[in-house]
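Single-structure report; data block below.
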Amino acid sequence: MPSKRSQPVTARVLSGTNELDISHAALLLKTSRVVAFPTETVYGLGADATNAQAVSRIFTAKRRPADNPLIVHIASAADLYKFNLTPMPLPPLAARLADAFWPGPLTVVLPLSEHARLAPAVTAGQASVAIRVPRHPIAAALLARAGVPIAAPSANLSGRPSPTCAKHVLRDLSDAIDAVVDTSQAIQCGLESTVVDLTGVPTILRPGEIAASDLQKATGVCFRRAAEHVQEGVVPKAPGMKYRHYAPTAPLYIVEGGVEGAVDDCKAAGKRVGVLADLSVCTRLPQVAHVICVPCGDDGSAAGFARALYASLRAFDGEGTNAVAEGVDVILAVPPDDVENGIGEAVMNRLRKAAAGRDEKMPSTF
Ligand code: TXA
Ligand code: MG
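Residue 552 is where the sequence shown starts when you use the working numbering, and the numbers rise one by one after that.
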């Protein structure tokens, strides 16, 4: 007879505004269950990081490759001592980053302590551990009550856009996790945390809301940026960087400058074309057959674009209130204006990943 664990489970939806529900979610986490919860960046899929069985359920639910380590979430920097995650005292640079940005959307990769009791799968056998203190009040309450370090990747199926609401989580994982804590409030950032590596030359492994300039201002240190595209045969510092990410089903191209010409080229090639752009760009495009706009933000800002991006990408796969039911053959993504620093740089990083190497140029047959 199959074990109870291998039976499909249907996630229970808990309310983020109900104290009892948050305590229940914390209890589930303490007792080997996997629970999705909101953070200020995206929803995470949490499990007790010291419990190998619970951690393995994260990898199974997400269909995540075993060589991709998980971020350990803690309630405060003091938990670094409590859980012996990294050798103490903290190096001065790490201490300054923790002071300046925790709680908040910054993940710091530090040497793994030999006394850490983490399940080996959390660090995927690496000698380092990625640590984050989220500032979302539901995440903070849950971590404080769980009393254990919580391993939590984004709560999506591997390769899909990260979830920015509970419905996204349920769409991807409802049969594979125990519960999701819902919040009706919109998530603040909409893109995953900035990941910095402090185990060697200080490096930004993944851009996020906290910009290189913010890091430099707080620490006086100029952080390197890791290469975005991973070369064949090279093991990247953040293994997640080598995987296809955020990609909708239809091929996505980044279009800078006038989108009208690109739309015409696609139409001439007989394609059903989707446009992902700020509302102001969408309303300027003529309403014609075979062109479907999904607005991504409505104030022209990179922050607004970032908040809407994953829901808009999911809309092209038929999800949510903007769902494109009939599908499209190609998606043209028009980035917001300010993409040079901070959240704008992070938006471009995610768009390039969603374009999966189709860097900016459309085939001439379009
Ligand atoms: O905002 C976020 O960071 C969200 C929320 C839920 O906290 N989490 C998130 O986790 O985005 P995930 O697993 O989707 O992305 C974590 C990234 C991956 O690219 C992974 O390879 C990298 O961090 N990472 C984790 N541990 C690492 C380590 N020890 N060394 C280098 N990179 C690491
Ligand atoms: Mg992820």
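Backbone N, C-alpha and C fix where the C-beta goes; we use that ideal spot for every residue, glycine too.
Once DSSP output is grouped into helix, strand and coil, what is the label at alanine 730?
Translated into positions along the sequence shown, residue 730 becomes position 179. Residue state, collapsed to three classes: strand.
Can you find the residues in the same chain that come closer than 8 angstroms, C-beta to C-beta, to aspartate 599, ignoring five residues on each side of it along the sequence?
Stepping through the sequence shown from its first residue, residue 599 is reached at position 48. Result list for aspartate 599: Leu580, Lys581, Ser583, Ala605, Val606, Ala697, Val699, Pro700, Ile701, Ala702, in chain order.
Valine 881 and phenylalanine 867 look like a contact to me (Cβ under 8 angstroms); what is the Cβ gap, rounded to whole Å?
Here residue 881 refers to the residue found at position 330 when the sequence shown is read from its first residue. Here residue 867 refers to the residue found at position 316 when the sequence shown is read from its first residue. So it is not a contact: roughly 10 angstroms between Cβ atoms.
In the DSSP output, which residue or residues are listed as bridge partners for serine 705?
If you number the sequence shown from 1, residue 705 lands on position 154. DSSP lists Gly595 as partners of serine 705.
Within its chain, find whatever has a CB closer than 6 angstroms to the CB of arginine 563; leave out the 5 residues flanking it on each side and keep chain order.
What you label residue 563 is simply residue 12 of the sequence shown in a count that begins at 1. These residues qualify, in order along the chain: Ala730.
Given a cut-off of 8 angstroms on the beta-carbon distance, is the pair leucine 624 and glycine 655 in contact?
For the purposes of this step, residue 624 is identified with residue 73 of the sequence shown, where counting begins at 1. For the purposes of this step, residue 655 is identified with residue 104 of the sequence shown, where counting begins at 1. First, the residue type needs correcting, since residue 624 is histidine and not leucine in the sequence shown. No.
The alpha helix (DSSP H) spanning glycine 855 covers which residue range?
Numbered from 1 along the sequence shown, position 304 holds the residue referred to as residue 855. Here the alpha helix (DSSP H) through glycine 855 covers 853 to 866.
How is histidine 666 classed by DSSP in three states: helix, strand or coil?
Taking the first residue of the sequence shown as position 1, residue 666 is located at position 115. Of the three classes helix, strand and coil, the one that applies to histidine 666 here is coil, per DSSP.
Alpha carbon of proline 553 to alpha carbon of alanine 727, nearest angstrom
Taking the sequence shown and counting its residues from 1, the one referred to as residue 553 is at position 2. Taking the sequence shown and counting its residues from 1, the one referred to as residue 727 is at position 176. Because proline 553 carries a pLDDT of 44, less than 50, the predicted location of this residue cannot be relied on, and no value is offered for it.
Which residues does DSSP list as the beta-bridge partners of leucine 504?
Residue 504 cannot be examined here, being either before or after the span of the chain that is shown, 552 to 917.
For the ligand TXA, any of its heavy atoms closer than 7 angstroms to the Cβ of lysine 985?
Nothing can be reported for residue 985: it is not among the residues displayed for the chain, which extend from 552 to 917.
Quick one: grab the DSSP three-state call for histidine 719.
On the sequence shown, position 168 is the one that residue 719 refers to. Look at histidine 719 here: in three-state DSSP terms it is helix.
Run of the alpha helix (DSSP H) containing valine 814, from where it starts to where it stops
The sequence position of residue 814 within the sequence shown is 263, counting from 1. Run containing valine 814: 810 to 819, per the alpha helix (DSSP H) assignment.
From this set, Arg614, Lys788, Ala859, which residue's C-alpha is nearest leucine 743's C-alpha?
The residue you call residue 743 lines up with position 192 of the sequence shown. In the sequence as presented, leucine is not what sits at residue 743; that position holds glutamate. Cα-wise, what sits closest to glutamate 743 is Ala859.
Going by the DSSP bridge assignment, what does threonine 754 pair with across the sheet?
Position 203 of the sequence shown holds residue 754. Paired residue(s): Asp748, Arg775.
Assuming alanine 681 and isoleucine 755 make a contact with CB atoms under 8 angstroms, what is their CB distance in whole Å?
For the purposes of this step, residue 681 is taken as residue 130 along the sequence shown, with counting starting at 1. For the purposes of this step, residue 755 is taken as residue 204 along the sequence shown, with counting starting at 1. Going by Cβ atoms, the distance from alanine 681 to isoleucine 755 rounds to 13 angstroms, so no, they are not a contact pair.
Helix, strand or coil for arginine 680 per DSSP?
Stepping through the sequence shown from its first residue, residue 680 is reached at position 129. Looking at the sequence itself, residue 680 is valine, so the reference to arginine does not match. Valine 680 sits in a strand when the DSSP states are folded into three classes.
Nearest residue (CA-CA) to proline 643, options Ala853, Lys613, Thr750:
Counted from its first residue, the sequence shown places residue 643 at position 92. Ranked by Cα distance from proline 643, the first of Ala853, Lys613, Thr750 is Thr750.
Cross-strand partners of valine 623 (DSSP beta bridge)
Reading the sequence shown from its first residue, position 72 is the one you call residue 623. Ile682, Ala702.
Give the single residue among Leu883, Phe774, Ala854, Arg823 whose Cα lies nearest to the Cα of cysteine 833.
Walking along the sequence shown from the start, residue 833 turns up at place 282. Closest by alpha carbon: Leu883.
Out of curiosity, what's the CA-to-CA distance linking aspartate 650 and isoleucine 894?
Start at 1 with the first residue of the sequence shown, and residue 650 comes out as number 99. Start at 1 with the first residue of the sequence shown, and residue 894 comes out as number 343. Whole-angstrom Cα-Cα distance: 21 angstroms.
To the nearest angstrom, report how far apart methionine 639 and arginine 775 are at their CA atoms.
Within the sequence shown, the letter at position 88 stands for residue 639. Within the sequence shown, the letter at position 224 stands for residue 775. Taking the straight line from one Cα to the other gives about 25 angstroms.
Quick check on the DSSP output: the beta strand (DSSP E) that includes alanine 587 runs from which residue to which?
Along the sequence shown, read from residue 1 onward, the residue named residue 587 stands at position 36. Residues 586 to 589.
Cβ contact (3+ pairs, closer than 8 angstroms) linking the segment 705 to 712 and the segment 677 to 693
no
Look at the Cβ atom of leucine 902, then the Cβ atom of proline 886, and state whether they are nearer than 8 angstroms.
One-based indexing of the sequence shown puts residue 902 at position 351. One-based indexing of the sequence shown puts residue 886 at position 335. By the CB criterion at 8 angstroms, leucine 902 and proline 886 fall inside the cutoff.
DSSP on isoleucine 843, reduced to helix/strand/coil?
The residue labelled residue 843 in the question sits at position 292 within the sequence shown. Three-state result, isoleucine 843: strand.
Throw me the rounded Cβ distance for the valine 732 and alanine 587 pair, which I believe falls under 8 angstroms.
Within the sequence shown, residue 732 is the residue found at index 181, counting from 1. Within the sequence shown, residue 587 is the residue found at index 36, counting from 1. Between alanine 587 and valine 732 the Cβ distance is about 7 angstroms, and since that is below 8 angstroms, they are a contact.
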